[in-house]
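Q:
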Amino acid sequence: MKCSVAQARRPESIGEEVTLQGWVRTRRDSKAGLSFLELNDGSSLGNIQVIAESALPNYESDVKRLTAGSSVTVTGLVRESPGKGQATEVQAASLTIHGLADADVYPLQKKRHSFEFLRTIAHLRPRTNTFGAIVRVRNTVCNAIHQFFQEEGFFYIHTPIITASDCEGAGQMFRVTTLDLANVPKAEGQVDFTQDFFDRPSYLTVSGQLEAEIFACSMGKVYTFGPTFRAENSNTSRHLAEFWMVEPEMAFFDLNDNMDLAERFLKRIFRDVLKRCPEDIEFFNDRIDNTVLETLRHIVDSRFVRLPYTEAVGILEKSGETFEFPVAWGSDLQAEHERYLTEKHFQCPVILFDYPRTIKPFYMRVNDDGRTVRAMDILVPKVGEIVGGSQREERLDVLEQRMREQDLRAEDYWWYLDLRRYGTVPHSGFGLGLERAVQFITGMTNIRDVIPFPRAPGSAEF
Ligand code: ATP
Ligand code: MN
Numbered sequence: 000m001k002c003s004v005a006q007a008r009r010p011e012s013i014g015e016e017v018t019l020q021g022w023v024r025t026r027r028d029s030k031a032g033l034s035f036l037e038l039n040d041g042s043s044l045g046n047i048q049v050i051a052e053s054a055l056p057n058y059e060s061d062v063k064r065l066t067a068g069s070s071v072t073v074t075g076l077v078r079e080s081p082g083k084g085q086a087t088e089v090q091a092a093s094l095t096i097h098g099l100a101d102a103d104v105y106p107l108q109k110k111r112h113s114f115e116f117l118r119t120i121a122h123l124r125p126r127t128n129t130f131g132a133i134v135r136v137r138n139t140v141c142n143a144i145h146q147f148f149q150e151e152g153f154f155y156i157h158t159p160i161i162t163a164s165d166c167e168g169a170g171q172m173f174r175v176t177t178l179d180l181a182n183v184p185k186a187e188g189q190v191d192f193t194q195d196f197f198d199r200p201s202y203l204t205v206s207g208q209l210e211a212e213i214f215a216c217s218m219g220k221v222y223t224f225g226p227t228f229r230a231e232n233s234n235t236s237r238h239l240a241e242f243w244m245v246e247p248e249m250a251f252f253d254l255n256d257n258m259d260l261a262e263r264f265l266k267r268i269f270r271d272v273l274k275r276c277p278e279d280i281e282f283f284n285d286r287i288d289n290t291v292l293e294t295l296r297h298i299v300d301s302r303f304v305r306l307p308y309t310e311a312v313g314i315l316e317k318s319g320e321t322f323e324f325p326v327a328w329g330s331d332l333q334a335e336h337e338r339y340l341t342e343k344h345f346q347c348p349v350i351l352f353d354y355p356r357t358i359k360p361f362y363m364r365v366n367d368d369g370r371t372v373r374a375m376d377i378l379v380p381k382v383g384e385i386v387g388g389s390q391r392e393e394r395l396d397v398l399e400q401r402m403r404e405q406d407l408r409a410e411d412y413w414w415y416l417d418l419r420r421y422g423t424v425p426h427s428g429f430g431l432g433l434e435r436a437v438q439f440i441t442g443m444t445n446i447r448d449v450i451p452f453p454r455a456p457g458s459a460e461f
């Protein structure tokens, strides 16, 4: 019976005859004329020990040639392991080699490699303990995201990746074009986009929010979950040029409903990971960051702090810290300010809300004070912002005024404005960056190490 390593490691498998298929991590030969193989197939962090005796017909010809990275099929009996740290082991009755890996050149010989080095071998790093654990945690997070929203009655909507609208009303977008860059058509000195594929300038999406709003204003509660693209040339440990974002959008939700949902949602993700990936989280706690386990356990039972932006500025001004960027009401908070609030001052997740209208996009609902908008950001220790959201402006006249303020042309957003013209409703939503969430859960310091193929300035080889 074909069986995963994860399954064969469980005591319930003792006595079963299994077929395991995977990659050899190490081979050790004993003087008594038998070999111990550590086998891994990605199903769990831990390997299974395979015992290959010299009585195997291909012991000398095959087993003795196995090196780290070789791929094999092993059939044998699962039995209780006398060794400590493992419940079971497999006594090989037969072993077949699929491919050897030349020990002189296979890059994953050493026990530990730097994450920088592993990024240069993105095709092999999934075979390392750390990256395997990342993949399993990331998978569990994605599963929790879908399960949460499905259980809550949301519809999963696919919003477009190619778009002609710029959600933030700002730059930092990748252009999509079929124009010949060596011979760009011009009209009156400008690029003539009427000759481009879509008859207009088009881009890779920075957010599915605006399109998700369309569906919230007919289906009630929806979410999109897909890749988003930002050409921010910021070489930071928290920014990717291509990242995954989950964006729920809910009709008849005000900002408080939005915060409640986001808090429950994050806790659900963390709880699922603790429950379903205990071995991986323990690994991150031992090897990467010895606070992750306690932080996650604490967060699932705590209440997030909710703090208006104005009060946050007051706290920062009184903090006595010297920040690189000064704090002043009306300017955007920098990562250092966010981290002070969540790591030092409150030492728990913080939901900041009611930001100055001048620093937030046009679609956020203006408060009665006229100076602030119903924005919310969720900040967590070490990572900073992982969620950004808001209650949306549902009043047509206010929205049009906001667009004028930000030099946006109403005719470019006619369909967005129609949602306010015909049966407008209060509604809200937010975006969670998947990689920021995985970073927070695992304690990995660089966001490029929590996505299979990181896209960042100058980096797109794999
Ligand atoms: P930041 O201020 O950290 O650059 P942002 O305010 O531009 O983020 P939003 O537009 O609010 O981000 O996007 C929602 C979420 O998407 C963020 O809270 C974050 O988790 C994630 N996110 C944004 N930009 C990136 C990026 N370049 N790489 C990875 N995740 C990102
Ligand atoms: Mn944000």
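Per numbering that gives the first Met the number 0, the very first residue in the sequence shown carries number 0; after that it's consecutive. Where a beta carbon is used, it is the ideal one built from N, C-alpha and C, also for glycine.
My assumption, with CB atoms under 8 Å, is that Leu418 sits in contact with Glu210. Please give the rounded CB distance.
A: Not a contact, Cβ separation roughly 11 Å.
Q: Please state if the CB of Leu260 and the CB of Pro247 are separated by a distance shorter than 8 Å.
A: Yes, the Cβ-Cβ distance between Pro247 and Leu260 is below 8 Å.
Q: Sort out for me which residues DSSP pairs Trp22 with in a bridge.
A: Asn39, Ser70.
Q: What do you get for Ser217, buried or exposed, if any count of 16 or more other CB atoms within 10 angstroms of its CB means buried?
A: Ser217 is exposed by the Cβ-count criterion.
Q: I want to know whether the region 336-346 touches the region 319-326 - three or more CB-CB distances under 8 Å.
A: Yes, the region 336-346 touches the region 319-326.
Q: Over the uninterrupted alpha helix (DSSP H) stretch that includes Ser217, give me the two end residues.
A: Per DSSP, Ser217 belongs to the alpha helix (DSSP H) from 208-218.
Q: Measure from the alpha carbon of Leu99 to the alpha carbon of each residue in Thr223, Phe116, Thr72, Arg78, then state which is nearest.
A: Measuring from the Cα of Leu99, the nearest candidate turns out to be Thr72.
Q: Am I right that Phe282 and Asn128 are in contact with their C-beta atoms under 8 Å? What's the rounded C-beta distance?
A: Their Cβ separation, rounded to whole angstroms, is 7 Å, which keeps Phe282 and Asn128 in contact under 8 Å.
Q: Would you identify the three-state DSSP class for Ala132, choosing helix, strand or coil?
A: Correct three-state label for Ala132: helix.
Q: Determine the direct distance from the alpha carbon of Val104 to that of Ile161, and round the result to whole angstroms.
A: So the alpha carbons of these two residues sit roughly 42 Å apart.
Q: Pull up the distance between the alpha-carbon of Val17 and that of Glu335, whole angstroms please.
A: Looking at the two C-alpha atoms, the distance is approximately 53 Å.
Q: Put Asp195 into one of helix, strand or coil per three-state DSSP.
A: It is coil, neither helix nor strand.
Q: Mind listing, in chain order, the continuous alpha helix (DSSP H) runs of no fewer than 4 residues lying wholly within the region 257-330?
A: Listed in chain order, the complete alpha helix (DSSP H) runs (minimum 4 residues) inside the region 257-330 are 277-286, 291-299, 308-317.
Q: Quick test of the definition: if touching needs 3 or more C-beta pairs under 8 Å, does the region 406-418 touch the region 87-96?
A: No, because fewer than three Cβ pairs between the region 406-418 and the region 87-96 fall closer than 8 Å, the two stretches do not touch.
Q: If we call anything under 8 Å between Cβ atoms a contact, is Tyr155 one with Tyr222?
A: Yes, the pair counts as a contact, with Cβ atoms nearer than the cut-off.
Q: Can you look up Val4 in the DSSP assignment and give me helix, strand or coil?
A: Residue state, collapsed to three classes: helix.
Q: Any residue with its C-beta under 7 Å from a non-hydrogen atom of ligand 2 counts. Can you list them all in chain order?
A: Going along the chain, the residues that qualify are Asp376, Glu384, Gly387.
Q: Where does the unbroken alpha helix (DSSP H) through Thr87 begin, and where does it stop?
A: That residue, Thr87, is in no alpha helix (DSSP H); its beta strand (DSSP E) goes 87-98.
Q: Looking at the unbroken beta strand (DSSP E) that takes in Arg373, where does it start and where does it end?
A: Start and end: 371-379.
Q: Does ligand 1 have a heavy atom nearer than 7 Å to the CB of Leu431?
A: Yes, the Cβ of Leu431 comes within 7 Å of a heavy atom of ligand 1.
Q: Is the region 0-9 touching the region 48-66, taking contact as three or more C-beta pairs under 8 Å?
A: The answer is no - the region 48-66 does not touch the region 0-9, with fewer than three Cβ pairs under 8 Å.
Q: Can Ser236 and Ile446 be called in contact, C-beta distance under 8 Å?
A: For Ser236 and Ile446, yes; Cβs fall inside 8 Å.
Q: Going by the DSSP bridge assignment, what does Phe352 pair with across the sheet?
A: Paired residue(s): Pro307, Met375.
Q: Rounding to the nearest angstrom, what Cα-Cα distance links Leu315 and Gly388 in this structure?
A: When rounded, the distance between both Cα atoms is 22 Å.
Q: Could you pull out every residue in the same chain whose Cβ sits closer than 8 Å to the Cβ of Gln85, ignoring the five residues on either side in sequence?
A: Within the same chain, Gln85 has close Cβ partners Arg8, Gly45, Ile47, Gln48.
Q: What span of residues does the alpha helix (DSSP H) with Gln108 cover, start to end?
A: Premise fails: Gln108 is in no alpha helix (DSSP H) and is neither H nor E.
Q: With 16 other CB atoms within 10 Å as the buried threshold, where does Ile177 fall?
A: According to the sequence as given, residue 177 is Thr; it is not Ile. Its Cβ having fewer than 16 others within 10 Å, Thr177 is exposed.
Q: Output needed for Thr87: all residues of its chain with C-beta closer than 8 Å, excluding positions within five of it in sequence on either side, in chain order.
A: Answer for Thr87: Ala7, Arg8, Arg9, Pro10, Ser12, Ile13, Ile47, Val77, Arg78, Glu79, Ser80, listed in chain order.
Q: Only counting the same chain, and skipping five residues up and downstream in sequence, which positions put a Cβ closer than 8 Å to that of Ala215?
A: Cβ within range, chain order: Val221, Glu248, Met249, Ala250, His426, Gly428.
Q: Among all the DSSP beta bridges, which residues are the ones paired with Phe173?
A: Phe173 pairs with nothing; no bridge assigned.
Q: Please confirm if Lys343 has its CB atom under 8 Å from at least one CB of chain D.
A: Considering every chain present, this structure includes no chain D. It has just one protein chain.
Q: Just checking Glu231 against ligand 1 - is the residue's beta carbon closer than 7 Å to any of the ligand's heavy atoms?
A: Yes, since a heavy atom of ligand 1 falls inside the 7 Å radius drawn around the Cβ of Glu231.
Q: Which residue or residues does DSSP assign as beta-bridge partners of Lys185?
A: Answer by DSSP bridge pairing, in chain order: Val190.
Q: Kindly examine ligand 1 and report whether one of its heavy atoms sits closer than 7 Å to the Cβ of Glu52.
A: Checking the Cβ of Glu52 against ligand 1 gives no.
Q: Could you tell me whether any non-hydrogen atom of ligand 1 is closer than 7 Å to the CB of Phe324?
A: Checking the Cβ of Phe324 against ligand 1 gives no.
Q: Which residues bound the beta strand (DSSP E) around Met244?
A: That run of the beta strand (DSSP E) goes 241-250.
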